[in-house]
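Trainee: Letter by letter, the sequence shown follows residues -24 to -1, 1 to 125 in mature numbering (1 follows the signal peptide of the UniProt record, and there is no 0). Mind having a look at this structure? Questions to follow.
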Amino acid sequence: MYSQILRRASLAALLLVGSLSACKQQATEVNPAPAPVSELSSRVSGQYTLKQVTANGQVYSADDADLKGGAKISRVSATSVNLDLDINTLSTNEAVMNGSVSGLTLTDAGNDEVNLVKGSDTIGKGSSNKLTLNVKGGDGVAYGLIMTK
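Here is the structure:
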């Protein structure tokens, strides 16, 4: 009788151990917090160097356009920046576009890009390493200034 009780207890213990070890604890699924969206101003703030100029559908290197310089975008708030331009001729260092634009409003353009808006006009588009400004020259021609960090 003692051996029957011992067998049953052993069998019960084996079943208990087997069932406990076979059960895996399922991880409780927690909804992760969405990835933080970076401030628009932090996407575009920084120092940029002029690399290319577009005019009349043509793309020219800054050297071929006889231009040098760049722009600095400074954060004012999460959705506002100031722009300082310093574009000069390469050959004579004559000022071409030098000055500041304050209070540019930023809007999300999608694809991690940001529109730079002054009043009701979008004057450019930027991202973490590229800035394109749309300007009109004294000759009435629309130019694109393409800059990189």
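Heads up, the beta-carbon is just placed ideally off N, CA and C, and yes, glycines get one too.
Taking residue 107 as part of the alpha helix (DSSP H), name the residues at either end of that continuous run.
Mentor: Note, residue 107: premise wrong, no alpha helix (DSSP H); beta strand (DSSP E) at 106 to 112.
Trainee: Is it buried or exposed for residue -5, if we count other Cβ within 10 angstroms and need 16 for buried?
Mentor: A caution first: residue -5 carries a pLDDT of 42, below 50, which makes its placement in the model unreliable, though a value can still be read off. Burial call: exposed.
Trainee: Could you give the residue range of the alpha helix (DSSP H) that holds residue 20?
Mentor: Residues 16 to 20.
Trainee: Quick one: using the 10 Å Cβ neighbour count with 16 as the cut-off for buried, is residue 17 buried or exposed?
Mentor: The residue in question, residue 17, is buried, as its Cβ has 16 or more Cβ neighbours within 10 Å.
Trainee: Which first and last residues belong to the beta strand (DSSP E) in which residue 121 is found?
Mentor: Segment 118 to 124, the beta strand (DSSP E) holding residue 121.
Trainee: Assuming residue 100 and residue 110 make a contact with CB atoms under 8 Å, what is their CB distance in whole Å?
Mentor: So it is a contact: roughly 6 Å between Cβ atoms.
Trainee: What residue from 77, 56, 42, 53 has the CA that sits closest to residue 71's CA?
Mentor: Ranking the options by Cα distance to residue 71, first place goes to 42.
Trainee: Between the alpha carbons of residue 56 and residue 20, how many angstroms are there, rounded?
Mentor: Cα to Cα, residue 56 sits roughly 10 Å from residue 20.
Trainee: Under 6 Å Cβ to Cβ from residue 122, same chain only, skipping five residues before and after it: list those, please.
Mentor: Answer for residue 122: 27, 28, 108, listed in chain order.
Trainee: Can you tell me whether residue 40 is helix, strand or coil according to DSSP?
Mentor: If DSSP states are grouped into helix, strand and coil, residue 40 belongs with coil.
Trainee: Would you mind sorting residue 105 into buried or exposed? The rule is 16 or more other CB atoms within 10 Å of its CB.
Mentor: With fewer than 16 Cβ atoms within 10 Å of its Cβ, residue 105 is classed as exposed.
Trainee: From what residue to what residue does the beta strand (DSSP E) around residue 74 run?
Mentor: Run containing residue 74: 71 to 86, per the beta strand (DSSP E) assignment.
Trainee: Does the Cβ-Cβ distance between residue 80 and residue 59 come in under 8 Å?
Mentor: A contact, by the Cβ cut-off of 8 Å.
Trainee: Are there 16 or more other CB atoms within 10 angstroms of the CB of residue 35, so buried, or fewer, so exposed?
Mentor: It is exposed - the Cβ of residue 35 has fewer than 16 other Cβ atoms within 10 Å.
Trainee: For residue 114, I'd like the list of residues in its chain whose CB is within less than 8 Å of its CB, leaving aside the five on either flank, ordered along the chain.
Mentor: Cβ neighbours of residue 114 beyond the five flanking positions: none.
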